[in-house]
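All remarks here apply to the structure that follows.
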Amino acid sequence: MTGQKDLADQIRQKTRELISTGAVSCAIGYERATDGVTSRPLFAYQSEDCDSFIFDQTCTHNLTRFLRDKRDAKKIAIVVKPCDARAINLLLLEKQLSRDKLFIIGVVCPGISQTSWEHRGQELQPRCQSCPTRVPPVYDFLVGDTAYTPSSSNQPYTEVDEMEAKTAKERSAFWSQQFSLCIRCYACRQICPACYCSECFVEQLDPLWVGIRIDPSTNQIWNLGRAFHLTGRCVSCDECHRACPVGIPLRLLNGRLVKEVLELFDFRAGESSEVTPPFATYKKDEKLGIGE
Amino acid sequence: MTQLITKADLLSWLFQLLKTHVIVAPTRIGETALFQRITAVEQITLDYSNAAISPKGWFFPPTETLFTVEKGDGQTHLLPARVIEDAVLFGIRPCDAQGIALMDRPFLQAPADIEYQRRRDQTILVGLSCSRPSSACFCTSVGSAPDDPANVDILLTQVEQGYLVQAVTDKGRALMSGSSSTESQISLPLVSCTTVISTDTLQKAAPQIFSDPYWDRLADRCLQCNLCAHVCPTCYCFDIRDYTDKGKIERVRTWESCQSRGFTRIAGGYDPRPTKGARLRQRFYHKLFYFPQEFGSLGCTGCGRCVRLCPVNIDIREVITAIQNLKRGVANG
Numbered sequence: 001m002t003g004q005k006d007l008a009d010q011i012r013q014k015t016r017e018l019i020s021t022g023a024v025s026c027a028i029g030y031e032r033a034t035d036g037v038t039s040r041p042l043f044a045y046q047s048e049d050c051d052s053f054i055f056d057q058t059c060t061h062n063l064t065r066f067l068r069d070k071r072d073a074k075k076i077a078i079v080v081k082p083c084d085a086r087a088i089n090l091l092l093l094e095k096q097l098s099r100d101k102l103f104i105i106g107v108v109c110p111g112i113s114q115t116s117w118e119h120r121g122q123e124l125q126p127r128c129q130s131c132p133t134r135v136p137p138v139y140d141f142l143v144g145d146t147a148y149t150p151s152s153s154n155q156p157y158t159e160v161d162e163m164e165a166k167t168a169k170e171r172s173a174f175w176s177q178q179f180s181l182c183i184r185c186y187a188c189r190q191i192c193p194a195c196y197c198s199e200c201f202v203e204q205l206d207p208l209w210v211g212i213r214i215d216p217s218t219n220q221i222w223n224l225g226r227a228f229h230l231t232g233r234c235v236s237c238d239e240c241h242r243a244c245p246v247g248i249p250l251r252l253l254n255g256r257l258v259k260e261v262l263e264l265f266d267f268r269a270g271e272s273s274e275v276t277p278p279f280a281t282y283k284k285d286e287k288l289g290i291g292e
Numbered sequence: 001m002t003q004l005i006t007k008a009d010l011l012s013w014l015f016q017l018l019k020t021h022v023i024v025a026p027t028r029i030g031e032t033a034l035f036q037r038i039t040a041v042e043q044i045t046l047d048y049s050n051a052a053i054s055p056k057g058w059f060f061p062p063t064e065t066l067f068t069v070e071k072g073d074g075q076t077h078l079l080p081a082r083v084i085e086d087a088v089l090f091g092i093r094p095c096d097a098q099g100i101a102l103m104d105r106p107f108l109q110a111p112a113d114i115e116y117q118r119r120r121d122q123t124i125l126v127g128l129s130c131s132r133p134s135s136a137c138f139c140t141s142v143g144s145a146p147d148d149p150a151n152v153d154i155l156l157t158q159v160e161q162g163y164l165v166q167a168v169t170d171k172g173r174a175l176m177s178g179s180s181s182t183e184s185q186i187s188l189p190l191v192s193c194t195t196v197i198s199t200d201t202l203q204k205a206a207p208q209i210f211s212d213p214y215w216d217r218l219a220d221r222c223l224q225c226n227l228c229a230h231v232c233p234t235c236y237c238f239d240i241r242d243y244t245d246k247g248k249i250e251r252v253r254t255w256e257s258c259q260s261r262g263f264t265r266i267a268g269g270y271d272p273r274p275t276k277g278a279r280l281r282q283r284f285y286h287k288l289f290y291f292p293q294e295f296g297s298l299g300c301t302g303c304g305r306c307v308r309l310c311p312v313n314i315d316i317r318e319v320i321t322a323i324q325n326l327k328r329g330v331a332n333g
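If you read the sequences in order, they're chains A and B. Residue 9 in this note's numbering sits at position 9 of the first sequence, and the numbers go up by one each step. Residue 127 in this note's numbering sits at position 127 of the second sequence, and the numbers go up by one each step.
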């Protein structure tokens with residue numbers, strides 16, 4: 001298996017080459033965070049900036065989130081894991097990106113650990129434990145050893161099943177308590193590559209869909225509304241879950257809808273940049289109601 | 001000479017207090033420690049580093065009705081203000097108590113925020129010294145300390161035998177008189193903050209590097225969420241909206257953040273802080289330069305929450321050092 005040092009070396013070499021030849025104006029990857037343990041995004045503009053790129057099991061961020069801030073750039077290089085590359089497919093499908101303005105450095109992903117300040121978990125994150133592939137579905141340059149493909153289940157994680165097994169009353173009580181903790185920091189929305197609306201529904205004042213109150217019932221509308229806006233679009237990077245400062249288990253919420261879409265429509269977001277997603281598809285003989 | 005109270009006596013004292021006071025204390029929900037209004041003493045956790053969100057929300061709530069006006073019988077009535085209850089804010093760290101003292105500057109400055117003032121008058125602060133400061137904490141670099149009694153009514157310090165008690169104010173002494181603490185020879189343990197950063201040239205450096213490209217580069221990875229502002233003990237930006245319904249007008253104030261896109265957009269569409277870099281710079285300048293210029297103290301308490309919780313590791317300690325290095329012409333990360 002390609003060592004993590006090798007992954008980093010390959011990324012540095014490639015990005016240095018792309019920047020120094022002027023092929024790209026910026027390369028987005030990862031560098032070490034100030035705790036000395038975890039990582040953070042790095043934007044390299046000069047060749048020497050690339051010396052700081054790393055890649056290891058703390059590289060949790062979905063860097064594609066930053067592409068929407070760099071639309072003015074001529075061409076950008078970006079380091080992606082399989083889940084991140086699914087987000088690129090989603091954004092290409094939804095006409096938010098131009099393929100020719102991207103140089104995609106795909107990484108054969110070793111799986112990512114749980115990360116928080118100074119902490120790198122022993123286990124892989126649930127999304128990695130059930131990841132269908134270690135190889136990104138789209139890339140221009142691949143880093144890592146494709147021979148390394150550990151077995152993993154093809155289904156959303158067991159935590160979603162466990163939640164589903166609870167009664168509606170139990171689930172309602174659970175989520176009501178969780179949403180009462182929400183402080184509407186919108187870290188979940190801001191870290192998400194799929195949340196790119198220039199005016200979010202929660203910010204609209206006319207009509208006032210949600211309002212500014214930070215209270216349990218308004219928080220519920222916010223969280224459920226965002227989850228529904230992600231249905232058929234969420235790529236399960238779980239970064240929203242990690243970003244939440246009060247520990248709301250968003251991966252359970254979004255993961256449930258990912259599973260619903262998979263079961264109803266046999267569709268997973270981001271596998272292709274061309275297949276029309278279910279909610280944008282009209283078929284004459286569609287199901288019209290529950291049980292049909 | 002200090003007072004000592006056993007853990008059991010402390011909990012039974014709180015049990016009694018709960019009959020006459022609202023108690024807001026650290027609780028654990030899942031893996032997250034959060035200040036909550038408790039209904040039973042068992043809900044309190046004393047085994048915590050610091051709560052994810054500062055307790056400023058007790059005085060400056062995330063959502064608050066400033067007033068309600070009702071029209072009826074051809075008259076306009078201002079509905080009576082909420083009753084403020086006597087409260088104990090229990091188990092707050094010195095950095096958070098420092099945060100409340102700093103918030104007092106803008107909120108109690110004439111004309112004072114009425115409900116903030118009433119809550120401050122009717123709330124007793126019982127602090128808890130830090131025995132294990134986090135690596136992200138830096139309170140001693142910004143005017144506080146893990147065992148600083150300056151801004152609380154009572155300060156507790158955990159020791160093997162229970163808690164040492166320092167009654168700092170008359171309010172604190174009065175509250176302690178209901179407890180069974182005893183005199184003790186145990187001396188207060190020494191504790192230091194692990195991270196120390198210099199702020200010597202910060203005030204001089206800040207105005208010099210306002211236009212430096214550093215801010216745009218730092219902002220590249222900023223998500224423009226409200227996380228840092230909402231967890232912070234001293235951030236106080238807000239939004240206000242009037243809700244109208246059948247002749248009733250309710251003016252509501254909620255937490256907001258200068259980091260949001262469009263926070264400074266004004267009627268007509270102009271925005272004096274149109275870029276991420278300008279907004280990110282504003283947060284640091286407010287906390288590290290404008291606040292001290294106006295109120296005489298740094299606006300950061302070194303609690304380390306933004307450092308631990310920022311999803312992209314924008315680290316205020318790194319920024320404080322960078323501002324000063326840029327002025328000196330030293331290279332920055």
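Glycine is no exception: its CB is placed at the ideal position from the N, C-alpha and C atoms. A quick note: this is a predicted structure, and the numbers were derived from the prediction, not measured.
* Asked: Hey, B/I84 and B/R28 are a contact pair by Cβ (cut 8 Å); roughly how many whole angstroms apart?
  -> Numbered from 1 along the second sequence, position 84 holds the residue referred to as residue 84 of chain B. Numbered from 1 along the second sequence, position 28 holds the residue referred to as residue 28 of chain B. B/I84 to B/R28, Cβ: 27 Å. No contact.
* To do: Indicate the three-state DSSP secondary structure (helix, strand or coil) for A/V210 in the structure shown.
  => Your numbering for residue 210 of chain A matches position 210 in the first sequence. The answer is coil: DSSP assigns A/V210 none of H, G, I, E or B.
* Beta-carbon spacing of A/V108, A/T60 below 8 Å -> Sequence index remark: in the first sequence, residue 108 of chain A carries index 108 (1-based). Sequence index remark: in the first sequence, residue 60 of chain A carries index 60 (1-based). Result no, Cβ atoms of A/V108 and A/T60 do not sit closer than 8 Å.
* To do: Select from the region 21-46 of chain B all residues with a C-beta closer than 8 Å to any C-beta belonging to chain A, and list them in chain order.
  => I29, G30, E31, T32, L34
* To do: Quick one: residues in its chain with C-beta nearer than 7 Å to the C-beta of A/G211, no 5 flanking neighbours on either side, listed in chain order?
  => Here residue 211 of chain A refers to the residue found at position 211 when the first sequence is read from its first residue. Result list for A/G211: T218, in chain order.
* Tell me whether the beta-carbon of A/G106 lies closer than 8 Å to the beta-carbon of A/L67. => The residue you call residue 106 of chain A lines up with position 106 of the first sequence. The residue you call residue 67 of chain A lines up with position 67 of the first sequence. No, the Cβ-Cβ distance between A/G106 and A/L67 is not below 8 Å.
* Asked: Hey, how far is the Cα of A/K5 from the Cα of A/I54?
  -> Your numbering for residue 5 of chain A matches position 5 in the first sequence. Your numbering for residue 54 of chain A matches position 54 in the first sequence. Spanning the two alpha carbons is a distance of roughly 8 Å.
* Quick one: residues in its chain with C-beta nearer than 8 Å to the C-beta of B/L280, no 5 flanking neighbours on either side, listed in chain order? => As a first step, residue 280 of chain B is located in the second sequence; it is residue number 280 there, counting from the start. Here the set comprises W215, L218, A219, C222, Q259, I314.
* Identify each residue in the region 56-75 of chain A for which the Cβ-Cβ distance to at least one residue of chain B is less than 8 Å, and report them in chain order. => H61, R65, F66, D69
* Asked: Alpha carbon to alpha carbon, how far is B/P272 from A/D69?
  -> Within the second sequence, the letter at position 272 stands for residue 272 of chain B. Within the first sequence, the letter at position 69 stands for residue 69 of chain A. Near 19 Å, if we compare the C-alpha coordinates of A/D69 and B/P272.
* Between A/H119 and the rest of its own chain, which residues show a CB-CB distance below 6 Å, the 5 nearest in sequence each way excluded? -> Within the first sequence, residue 119 of chain A is the residue found at index 119, counting from 1. Within the same chain, A/H119 has no close Cβ partners at all.
* Asked: Would you call the region 237-248 of chain B and the region 291-304 of chain B in contact, with 3 or more CB pairs under 8 Å?
  -> no
* From B/C193, B/S179, B/M103, B/A8, residue whose alpha carbon lies closest to that of B/Y116 -> Reading the second sequence from its first residue, position 116 is the one you call residue 116 of chain B. Taking only the C-alpha atoms, the option nearest B/Y116 is B/M103.
* Does the beta-carbon distance from A/C182 to A/W222 come in below 8 Å? -> Mapped onto the first sequence, residue 182 of chain A falls at position 182. Mapped onto the first sequence, residue 222 of chain A falls at position 222. It is a contact, given that the beta carbons lie within the stated cut-off.
* Counting pairs of Cβ atoms below 8 Å between the region 280-289 of chain B and the region 308-324 of chain B, do you hit three or more? -> yes
* C-beta contact flag for A/P82 and A/C131 at 8 Å -> On the first sequence, position 82 is the one that residue 82 of chain A refers to. On the first sequence, position 131 is the one that residue 131 of chain A refers to. Yes; because the gap between Cβ atoms is below 8 Å, this pair is in contact.
* Rounded to a whole number of angstroms, what is the C-alpha to C-alpha distance between A/K74 and A/K95? -> Here residue 74 of chain A refers to the residue found at position 74 of the first sequence. Here residue 95 of chain A refers to the residue found at position 95 of the first sequence. So the two alpha carbons sit approximately 17 Å from each other.
* Asked: Since B/I5 and B/G162 are thought to touch, with beta carbons under 8 Å apart, how far apart are those beta carbons, to the nearest angstrom?
  -> The residue you call residue 5 of chain B lines up with position 5 of the second sequence. The residue you call residue 162 of chain B lines up with position 162 of the second sequence. Confirmed, about 5 Å.
* Flag this pair as touching only if the region 223-240 of chain B and the region 195-212 of chain B have three or more C-beta atom pairs under 8 Å; answer yes or no. => no
* Would you call the region 178-187 of chain B and the region 3-18 of chain B touching, i.e. three or more CB-CB distances under 8 Å? -> yes
* Asked: Would the beta-carbon of B/T157 fall within 8 Å of that of B/L108?
  -> Position 157 of the second sequence, counted from the first residue, corresponds to residue 157 of chain B. Position 108 of the second sequence, counted from the first residue, corresponds to residue 108 of chain B. No; because the gap between Cβ atoms is not below 8 Å, this pair is not in contact.
* Asked: Does the beta carbon of B/R132 come closer than 8 Å to any beta carbon on chain A?
  -> Within the second sequence, the letter at position 132 stands for residue 132 of chain B. Chain A, which has no Cβ nearer than 8 Å to the Cβ of B/R132, makes this no.
* Asked: Taking any Cβ of chain B, which residues in the region 111-131 of chain A have a Cβ under 7 Å from it, in chain order?
  -> W117, E118
* Asked: Around the C-beta of A/M1, are 16 or more other C-beta atoms found within 10 angstroms, so that it is buried, or is it exposed?
  -> The count along the first sequence starts at 1 and reaches residue 1 of chain A at position 1. Legend: pLDDT at A/M1 = 46, less than 50; position of this residue unreliable, value from coordinates given subsequently. Exposed is the call here.
* To do: Could you name the residues that DSSP lists as bridge partners for B/G72?
  => As a first step, residue 72 of chain B is located in the second sequence; it is residue number 72 there, counting from the start. Looking at the DSSP assignment, B/G72 forms a beta bridge with B/Q75.
* Fully enclosed by the region 243-269 of chain A, which alpha helix (DSSP H) runs are 4 residues long or longer? -> 250-265
* Entirely enclosed alpha helix (DSSP H) segments - the region 40-115 of chain A, minimum 4 residues -> 82-93
* How about A/A33: is its C-beta nearer than 8 Å to some C-beta of chain B? -> Here residue 33 of chain A refers to the residue found at position 33 of the first sequence. It does: the Cβ of A/A33 has a partner Cβ on chain B nearer than 8 Å.
* Applying a beta-carbon distance threshold of less than 7 Å, which residues of chain B neighbour A/V79? -> Counting from 1 along the first sequence, the entry for residue 79 of chain A is found at position 79. Neighbours of A/V79 on chain B: none; closest Cβ ~14 Å, over 7 Å.
* Could you tell me the distance, in whole angstroms, from the CA atom of B/D155 to the CA atom of B/G143? => In the second sequence, the residue the question calls residue 155 of chain B occupies position 155. In the second sequence, the residue the question calls residue 143 of chain B occupies position 143. The residue asked about is misnamed: residue 155 of chain B is Leu in this sequence, not Asp. Straight-line Cα distance between these residues: approximately 17 Å.
* **Contact list for A/D215 against chain B, beta-carbon separation under 7 Å** => As a working note, residue 215 of chain A is residue 215 in the first sequence. T63, listed in chain order.
* Express the C-alpha separation of A/L250 and A/C240 in angstroms, rounding to a whole number. => Locating residue 240 of chain A in the first sequence gives position 240, where the first residue counts as 1. Locating residue 250 of chain A in the first sequence gives position 250, where the first residue counts as 1. Spanning the two alpha carbons is a distance of roughly 7 Å.
* Asked: What residue does the beta strand (DSSP E) around B/P26 start on, and which one ends it?
  -> Position 26 of the second sequence, counted from the start, is the residue given in the question as residue 26 of chain B. Run containing B/P26: 22-29, per the beta strand (DSSP E) assignment.
* Proximal residues to A/C128 (C-beta, below 6 Å), its chain only, five neighbours per side dropped -> If you number the first sequence from 1, residue 128 of chain A lands on position 128. G111, I112, listed in sequence order.
* To do: Quick one: grab the DSSP three-state call for A/K283.
  => Here residue 283 of chain A is taken as the residue at index 283 of the first sequence, counted from 1. A/K283: coil per DSSP, three-state reduction.
* Asked: Roughly how many whole angstroms lie between the Cα atoms of A/E164 and A/F265?
  -> Counting from 1 along the first sequence, the entry for residue 164 of chain A is found at position 164. Counting from 1 along the first sequence, the entry for residue 265 of chain A is found at position 265. If I take the Cα positions, the gap works out to 19 Å.
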